[in-house]
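Data block below; observations after.
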Amino acid sequence: MELGLTGRRAVVTGGSKGIGLEVSKELAREGASVSICARNPDEVSAAAKELRELGGTVHDQVVDVTDPEQVTGYIASAAEALGGIDILVNNAGAAHPGTFSTLADEDWQADLDVKLFSQIRCTRAALPHLRQSSAPRVVNINAVYAKYPDHKFFATTVNRAACLNLSKALALEFGPEGILVNSVNIGFVVTPQWENIRSKRAPELGQEEFFSQWAAAEVPLGRFGDVSEVSGIVTFLASDRASYITGASIDVAGGMGRYV
Ligand SMILES: NC(=O)c1ccc[n+]([C@@H]2O[C@H](COP(=O)([O-])OP(=O)(O)OC[C@H]3O[C@@H](n4cnc5c(N)ncnc54)[C@H](OP(=O)(O)O)[C@@H]3O)[C@@H](O)[C@H]2O)c1
7 MELGLTGRRA VVTGGSKGIG LEVSKELARE GASVSICARN PDEVSAAAKE
57 LRELGGTVHD QVVDVTDPEQ VTGYIASAAE ALGGIDILVN NAGAAHPGTF
107 STLADEDWQA DLDVKLFSQI RCTRAALPHL RQSSAPRVVN INAVYAKYPD
157 HKFFATTVNR AACLNLSKAL ALEFGPEGIL VNSVNIGFVV TPQWENIRSK
207 RAPELGQEEF FSQWAAAEVP LGRFGDVSEV SGIVTFLASD RASYITGASI
257 DVAGGMGRYV
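Letter by letter, the sequence shown follows residues 7 to 266 in this note's numbering.
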């Protein structure tokens, strides 16, 4: 399928590893130039090196997306390095475990900053560039827990619901300008984030055993997903082949979620 991504300019937050890195690679393989950011400088450089080996233009920057000034500076440098922005993938984020009883205001605020406010600020900063694009796209990486509350990830579940609403409301406001905004809602996908959880909670279990035990309870497909099972849909939504899709909320979750 020809996706029409050659020459498109994409910004992927949290592109140094996990889902963000795989999305960046797939966009680069389809001919897009890519800018990535994250906080860990070594991981940002290593990811940028991998991306450069795929061919196109790559821009990378160490950025904390919870810092409004860093976000503004980053989006401006990415636009300058790539010559504009056609695609924004708001992917940076992390799960924040904790129940209502254990989470303090600071935990709620930190989780809101990395999830909701990073998507708001990156989108706001990218907007003038997206308005100049012939095929502007925003893809927000969210979680099925937005629609499927889990009290063990209390802040995540509540804040992701806000992110889902943000995607839909952005699609309504910017549809008339042709800016398409969609949400991809992740269930359980093996990434460094989950490897950290396994090494803390069950270091005695191998990856496969830990992930299959966790998945057995909640995932109809009975397994965790792979990052390559997310990057395809994100790349498709960023492409010309998705030109009539906006305001959509698409689960990539192996069937998780008892809702219609
Ligand atoms: N994997 C899953 O099962 C799952 C489920 C639901 C939702 N998600 C969402 O999917 C997205 C990607 O997750 P992942 O599993 O690929 O996680 P990951 O492997 O931990 O990667 C997260 C990426 O975001 C970056 N990041 C985190 N906080 C940041 C900050 N404050 N500023 C800039 N960059 C930041 C990380 O780099 P640094 O740490 O160096 O900054 C990294 O590049 C996240 O939004 C996550 O919440 C994932």
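Don't be surprised by glycine CBs; every beta carbon is placed ideally from N, CA and C.
Keep in mind that this is a model prediction, so the values were computed, not measured.
> With 16 other CB atoms within 10 Å as the buried threshold, where does residue 6 fall?
Replying inline: Nothing can be reported for residue 6, as the shown portion of the chain is limited to 7 through 266.
> Where does residue 14 fall in DSSP's three states?
Replying inline: The sequence position of residue 14 within the sequence shown is 8, counting from 1. It is coil, neither helix nor strand.
> What is the residue span of the alpha helix (DSSP H) that residue 245 lies within?
Replying inline: In the sequence shown, the residue the question calls residue 245 occupies position 239. Segment: none, residue 245 is in no alpha helix (DSSP H) and carries neither H nor E.
>> My parser needs the beta strand (DSSP E) runs of 3 or more residues fully inside the region 33 to 83; what are they?
In response: The qualifying runs are 39 to 44, 64 to 68.
> In whole angstroms, what is the alpha-carbon distance linking residue 232 and residue 111?
Replying inline: On the sequence shown, position 226 is the one that residue 232 refers to. On the sequence shown, position 105 is the one that residue 111 refers to. So the alpha carbons of these two residues sit roughly 33 Å apart.
>> According to DSSP, residue 231 sits in a beta bridge with which residue or residues?
In response: As a working note, residue 231 is residue 225 in the sequence shown. In the DSSP assignment, the residues bridged to residue 231 are 195.
> In the DSSP assignment, what residue or residues form a beta bridge with residue 186?
Replying inline: Numbered from 1 along the sequence shown, position 180 holds the residue referred to as residue 186. In the DSSP secondary-structure assignment, residue 186 is bridged to 143.
>> Tell me the rounded alpha-carbon separation between residue 166 and residue 160.
In response: Position 160 of the sequence shown, counted from the start, is the residue given in the question as residue 166. Position 154 of the sequence shown, counted from the start, is the residue given in the question as residue 160. Computed Cα separation, rounded: 10 Å.
>> Suppose you measure from the CA of residue 245 to the CA of residue 29; what does that come to, to the nearest Å?
In response: Residue mapping note: residue 245 aligns to position 239 of the sequence shown, counting from 1. Residue mapping note: residue 29 aligns to position 23 of the sequence shown, counting from 1. Cα to Cα, residue 245 sits roughly 13 Å from residue 29.
> Tell me which same chain residues have a C-beta within less than 6 Å of the C-beta of residue 68, skipping the five on either side of it?
Replying inline: Here residue 68 refers to the residue found at position 62 of the sequence shown. In its chain, beyond the 5 residues on either side, 47, 50 have a beta carbon closer than 6 Å to the beta carbon of residue 68.
> Name the DSSP beta bridge partners of residue 257, please?
Replying inline: Start at 1 with the first residue of the sequence shown, and residue 257 comes out as number 251. In DSSP, residue 257 forms a bridge with 191.
> Residues in its own chain within less than 7 Å of residue 122 by CB, not counting five upstream and five downstream?
Replying inline: Taking the first residue of the sequence shown as position 1, residue 122 is located at position 116. For residue 122, where only same-chain residues beyond five positions count, the Cβ hits under 7 Å are 165, 168, 169, 172.
>> Looking at the secondary structure, which residues open and close the alpha helix (DSSP H) in which residue 150 lies?
In response: Reading the sequence shown from its first residue, position 144 is the one you call residue 150. In the DSSP assignment, residue 150 falls outside any alpha helix (DSSP H) and carries neither an H nor an E.
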